[in-house]
Amino acid sequence: FLASCGTSTHLLNSWIAPENKTQQYKKVLVIGLIGPRDRDLREIIENTMVQSLKAQGINAGSAYAEYGPKAFEDLKEQEALKKISDKGYDGAFTIALLDKKKERYYSPGYVGFAPYPFGFWGYYRNMWGRMYQPGYYNVSTNYMLEGNFYDLNPDKHIYSAQTRTFDPSSAENLSSDFSKTVVADMMNKGLLKR
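The sequence shown begins at 48 in my numbering and counts up one residue at a time.
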């Protein structure tokens, strides 16, 4: 993560099942679907989403903390659902890292302007600055995350949202911005009840 002057998270789109009725969930399991190379991000984003849900009065837990990184890896669907429901979860929120892209761009060094016509010295200083004060390359990292909410009784997909975050300064900032954006959208759409 690179330092930046501010994180920019945008909600690209969101969807709620048309027949969905607002209800209060007893307990929501937050599951990060993020590869092993970004394991720290998975743990941080799950915990941050759990805290965001709890701040809205919704009981939630982290799959990573509760079950470990590979808890559902070799299970069949019914086994996984039983394992989740046995701990009292009746809702699940998944967070998938859809894309992580680094972009490199050139920032010119000295860019001066001397109005035409200018004399020798004005031209010399302008061109000297361009030649001897070179530019540099910046790298930014952009993330696309998707969140999906499932009612586990019955097993039904009821919400989906995609966000894009431009060059977050840390995993914590990425997680916080994503969680705030998506929880606010779910509350505004009437998906969750306190």
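Glycine included, every Cβ here is placed at the ideal spot set by N, Cα and C.
Name the residue from the options whose alpha carbon lies nearest to the alpha carbon of residue i.
{"i": "P215", "options": "K148, P65, A64, N195", "result": "K148"}
{"i": "T287", "options": "Y206, R151, F196, N94", "result": "No information on residue 287 is available, as it lies outside the stretch 48 to 241 that the chain covers here."}
{"i": "P65", "options": "A231, Q209, H204", "result": "H204"}
What are the start and end residues of the alpha helix (DSSP H) that includes residue i?
{"i": "S99", "result": "86-102"}
{"i": "T228", "result": "218-235"}
At the level of alpha carbons, what is the spacing between residue i and residue j?
{"i": "Y171", "j": "N185", "result": "28 Å"}
{"i": "A50", "j": "G156", "result": "Note that A50 scores a pLDDT of 43, beneath 50, so its modelled location is shaky and nothing firm can be said."}
{"i": "D224", "j": "P116", "result": "23 Å"}
{"i": "L58", "j": "W168", "result": "51 Å"}
{"i": "F48", "j": "F213", "result": "Here the model assigns F48 a pLDDT of 42, short of 50, so the residue's position is not dependable, and the following value carries that caveat. Roughly 11 Å separates the two Cα atoms."}
{"i": "K129", "j": "M234", "result": "28 Å"}
{"i": "R211", "j": "K240", "result": "26 Å"}
Looking at the structure shown, is residue i part of a helix, part of a strand, or coil, going by DSSP?
{"i": "K68", "result": "coil"}
{"i": "Y114", "result": "helix"}
{"i": "K147", "result": "strand"}
First and last residue of the beta strand (DSSP E) that includes residue i?
{"i": "A107", "result": "107-109"}
{"i": "M122", "result": "Here residue 122 is Leu; the residue named in the question, Met, does not match the sequence. That residue, L122, is in no beta strand (DSSP E); it is neither H nor E in DSSP."}
{"i": "Y136", "result": "Taken as a continuous stretch (DSSP letters only), Y136 belongs to no beta strand (DSSP E), as it is neither H nor E."}
{"i": "G194", "result": "183-199"}
When the distance is taken between beta carbons, is residue j closer than 8 Å to residue i?
{"i": "A107", "j": "V77", "result": "yes"}
{"i": "K73", "j": "D133", "result": "no"}
{"i": "G104", "j": "R89", "result": "no"}
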